[in-house]
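First comes the structure, then the notes that go with it.
There are 2 protein chains.
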Amino acid sequence: MIVGVIGGGQLARMMIPPAVELGIELRVLAENEGSSAGLAATAVGDHRDAATVLAFAAEVDVVTFDHEHVPQDVLAALAAAGIPVRPGADALLAAQDKIVMRQRLEHLGIPVPSWATADDADAVAGFLAAHGGSAIAKTPRGGYDGKGVRVVRDAHDVDDWLAGGTVLLEELVPFRRELAQLVARRPSGEIAVWPVVETVQRDGVCAEVTAPAPGPDLAAAREIGERIAAGLDVTGVLAVELFETADGRLLVNELAMRPHNSGHWTIDGAVTSQFEQHLRAVLDLPLGDPSAREPWSVMVNILGGPAGATIPDRYPAAMAAHPAVRFHDYGKASRPGRKVGHVTSTGSDLDAVLAEARAAARFFDA
Amino acid sequence: MIVGVIGGGQLARMMIPPAVELGIELRVLAENEGSSAGLAATAVGDHRDAATVLAFAAEVDVVTFDHEHVPQDVLAALAAAGIPVRPGADALLAAQDKIVMRQRLEHLGIPVPSWATADDADAVAGFLAAHGGSAIAKTPRGGYDGKGVRVVRDAHDVDDWLAGGTVLLEELVPFRRELAQLVARRPSGEIAVWPVVETVQRDGVCAEVTAPAPGPDLAAAREIGERIAAGLDVTGVLAVELFETADGRLLVNELAMRPHNSGHWTIDGAVTSQFEQHLRAVLDLPLGDPSAREPWSVMVNILGGPAGATIPDRYPAAMAAHPAVRFHDYGKASRPGRKVGHVTSTGSDLDAVLAEARAAARFFDA
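If you read the sequences in order, they're chains A and B. Under the working numbering, think of the first position of the first sequence as 3, with each following residue one higher. Under the working numbering, think of the first position of the second sequence as 3, with each following residue one higher.
In structure tokens, the structure reads:
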């Protein structure tokens with residue numbers, strides 16, 4: 003069994019351990035030498051170039067992704083060559099284009115924030131007037147980790163983006179907290195659902211994840227995840243980012259069709275991690291048990307990483323202080339705000355688990 | 003941080019996942035192309051050749067092992083080159099030579115079976131006469147998985163071995179069961195001790211491991227493990243194979259100074275696996291928590307593997323029947339009796355965990 007992964011970031015990297023354990027061969031098409039997933043890189047090249055991708059994928063059983071940026075024409079070329087692509091091109095489109103995503107979710111009857119497209123400042127003005135004078139603007143494509151997202155209060159706040167094309171406008175949802183529902187689906191239709199988690203973002207970047215989300219049961223999140231996975235024919239892991247509004251409704255914010263930061267806790271906190279599950283799902287193998295192994299898991303991202311040091315440089319102090327914490331280093335060069343690793347703590351007392359994960363992560367502050 | 007591992011078997015392979023997670027670079031000197039740990043192989047060559055090993059080890063921070071077969075002269079050459087070797091040559095000698103091992107354990111006051119060396123059939127006859135007419139004979143070096151071990155009832159039963167040198171004779175211990183105590187020790191002296199386990203051997207090969215060993219607390223096993231690790235100055239993981247006699251005494255049967263089959267359950271069943279712990283220990287990093295994550299873990303070896311098929315070929319059926327079982331494939335060609343993978347089940351009911359692990363392993367019967 004050979005899985006080809008396009009993209010050599012930390013998501014591809016974290017597929018390596020379960021691939022090794024399961025005896026699945028992983029081949030990665032990396033952007034450059036020395037990528038995070040470099041150990042499994044069998045090719046280095048541009049994922050936007052069909053010839054490069056076809057050559058890479060010639061002998062794999064299935065192609066999947068570290069990111070959602072592979073163009074539709076490249077996906078079409080893979081399909082034309084008879085190479086299974088999971089998730090498929092049509093499903094991926096809803097993760098690549100936020101306007102398509104909003105349209106399809108509405109079609110499925112999934113609750114989303116009030117939204118509209120805008121092609122000029124007049125349209126922005128109209129949306130602002132209808133939504134209390136403020137809105138979220140998003141570029142339909144290419145945004146991630148807070149990039150391509152802007153709060154808008156003036157009709158001309160996104161003139162720069164409008165010069166390049168249509169902008170997505172959404173109501174500024176007065177949310178109580180953010181949640182994420184991770185599910186996996188295999189081509190045969192089987193779906194596995196992890197416990198819904200609470201996520202905390204800072205500057206648009208995921209900072210902390212608590213699994214499960216504290217508070218009453220959120221069966222609605224599970225149902226939304228299942229409906230989207232089946233309705234969009236997603237194969238592999240699907241992450242559904244959700245707003246929980248002040249009045250308790252759940253609205254879908256974003257989708258990702260790959261392992262997702264909100265699921266990193268599953269490596270140490272779930273019977274089957276999102277990375278193993280993604281491999282199983284894209285190979286159409288039976289899905290593993292997604293149950294939590296302990297009452298609480300907390301994951302804290304390491305952003306930027308220690309100044310002038312690597313993450314392992316800080317292990318002597320961090321490991322001595324936190325023998326039960328799980329440490330993860332993505333082998334990436336440090337840049338301010340860049341996700342370079344994470345830590346996970348698990349246990350039965352939420353306050354203690356939160357405190358331990360946060361304390362362990364602080365050893366890696368820049 | 004770069005760890006060089008001599009030997010490309012499944013023990014080196016199972017160090018890859020924690021190395022990836024921790025951001026530790028692993029370099030493997032493999033016996034041949036396509037080894038079990040081939041993904042991390044940076045060199046292929048003979049571990050008995052000092053020049054080969056020195057070239058491999060030139061840029062690593064520490065050298066450690068997949069097996070104990072690196073000759074003392076090669077270890078001396080590494081030391082002379084200033085390359086840290088863990089465990090060190092002197093400690094390793096006690097794992098390489100069973101006579102040295104017996105001598106040193108006796109010197110430490112560790113209980114062992116009654117033993118003697120024999121250089122001729124007369125000496126064998128004398129030992130047999132003194133021990134009820136039967137004994138275990140072992141070649142001092144090179145044995146593993148039941149090889150180099152023989153039950154002796156006649157003075158001439160090991161004439162072939164005596165032609166090659168001294169033979170170790172031991173009483174045939176009337177044991178109730180076999181146990182294994184796994185510990186890890188770092189150069190600074192810190193020791194971590196996993197729960198003692200019960201092992202079941204078939205034809206001299208480990209078949210099944212239950213963690214912890216059922217029954218009353220076995221603090222004596224823990225104490226023996228700690229005393230041997232400190233007394234022999236072991237760094238890295240040490241496995242102590244023990245007989246529990248009918249009258250409840252513990253006698254040391256064998257030592258291994260590397261991750262060991264009796265500790266494979268720790269990948270899925272302990273907070274810190276033996277493979278991660280070995281990396282931490284040889285790098286002199288603080289040791290991780292060795293606690294069990296669940297009340298019971300059972301590991302069952304896959305021996306030989308499915309006829310005409312690979313282990314992943316059986317995943318569709320095995321995974322569908324056992325969604326919570328953890329599957330491990332060593333990527334090795336199948337031969338009768340060869341260890342090619344294992345499965346682990348964990349849970350709170352021992353009978354259920356045992357039954358599930360055994361049932362899952364049966365999917366891979368040859």
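Virtual Cβ for every residue (Gly too), placed ideally from N, Cα, C. All values reported here derive from a predicted model rather than from experimental measurement.
Close Cβ partners of residue i (< 7 Å) along its chain, the five nearest in sequence each way excluded
i, result
"V87 of chain B", "V65, L77, L80 and A81"
"A231 of chain A", "V185, R187, I193 and L240"
"A363 of chain A", "V302, I304 and V345"
"L94 of chain A", "E70, L77 and M259"
"V114 of chain B", "R104, L107, E108, L253 and V254"
Residues of its chain near residue i, where Cβ-Cβ distance is below 6 Å and the 5 sequence neighbours each way are ignored
i, result
"Q183 of chain B", "V198, A223, G227 and V242"
"G6 of chain A", "R29, A59, V62 and V65"
"A14 of chain B", "V7, V30, A39 and D68"
"D235 of chain B", "A93"
"A1 of chain A", "Past the boundaries of the shown model lies residue 1 of chain A; chain A is included only from 3 to 368, so the question cannot be answered."
"G343 of chain B", "I304, I313, H330, D331 and Y332"
For residue i, three-class secondary structure by DSSP
i, result
"I313 of chain B", "coil"
"D331 of chain A", "strand"
"F58 of chain B", "helix"
"R360 of chain A", "helix"
"L31 of chain A", "strand"
"H109 of chain B", "helix"
"M301 of chain A", "strand"
"A97 of chain A", "helix"
"A209 of chain B", "strand"
"I85 of chain A", "coil"
"A39 of chain A", "coil"
"A368 of chain B", "coil"
"I226 of chain B", "helix"
"I26 of chain A", "coil"
"V76 of chain B", "helix"
"A45 of chain A", "strand"
"V64 of chain A", "strand"
"V7 of chain B", "strand"
"A118 of chain A", "strand"
"A215 of chain A", "coil"
"A326 of chain B", "coil"
C-beta contact flag for residue i and residue j at 8 Å
i, j, result
"E192 of chain A", "P292 of chain A", "no"
"P325 of chain A", "A368 of chain A", "no"
"T369 of chain A", "D270 of chain A", "Absent from the model: residue 369 of chain A. The displayed extent of chain A is 3 to 368, so no value can be given."
"V327 of chain A", "T247 of chain A", "no"
"W267 of chain B", "M301 of chain B", "yes"
"A272 of chain A", "T237 of chain A", "no"
"A258 of chain B", "A123 of chain B", "no"
"T274 of chain B", "G290 of chain B", "yes"
"A139 of chain B", "V154 of chain B", "yes"
"G306 of chain B", "S264 of chain B", "no"
"A42 of chain A", "I18 of chain A", "yes"
"E278 of chain B", "T348 of chain B", "no"
"V254 of chain B", "I112 of chain B", "yes"
"E23 of chain A", "H330 of chain B", "yes"
"P214 of chain A", "A323 of chain A", "no"
"V355 of chain B", "W298 of chain B", "yes"
Rounded separation between residue i and residue j - CA only
i, j, result
"V202 of chain B", "E180 of chain B", "7 Å"
"A52 of chain A", "E33 of chain A", "14 Å"
"G40 of chain B", "G10 of chain B", "7 Å"
"A21 of chain B", "I8 of chain B", "15 Å"
"F85 of chain A", "V55 of chain A", "In the sequence under discussion, the amino acid at residue 85 of chain A is Ile, which differs from the Phe named in the question. Rounded to whole angstroms, I85 of chain A to V55 of chain A spans 11 Å at the Cα level."
"D205 of chain A", "E172 of chain A", "18 Å"
"D162 of chain B", "H262 of chain B", "30 Å"
"D351 of chain A", "T212 of chain A", "12 Å"
"A83 of chain A", "A91 of chain A", "14 Å"
"Y332 of chain A", "L281 of chain A", "19 Å"
"A319 of chain A", "Q276 of chain B", "21 Å"
"A165 of chain B", "M3 of chain B", "46 Å"
Cβ neighbours of residue i in the same chain (closer than 8 Å, five flanking residues each side left out)
i, result
"S116 of chain B", "H133, E172 and E173"
"R316 of chain B", "P308, F365 and F366"
Closer than 7 Å at the beta carbon, the chain D residues around residue i
i, result
"A357 of chain A", "Considering every chain present, this structure includes no chain D. Its protein chains are A and B."
Open item on the list: Restricting to runs no shorter than 4 residues, where is the alpha helix (DSSP H) found entirely within the region 228 to 279 of chain B?
Closed with: 268 to 271
Open item on the list: Quick check for students: name the residue ranges of the alpha helix (DSSP H) that lie wholly in the region 128 to 205 of chain B, counting only runs of 4 or more.
Closed with: Every alpha helix (DSSP H) of 4 residues or more that sits fully in the region 128 to 205 of chain B is shown, in chain order, as 161 to 164.
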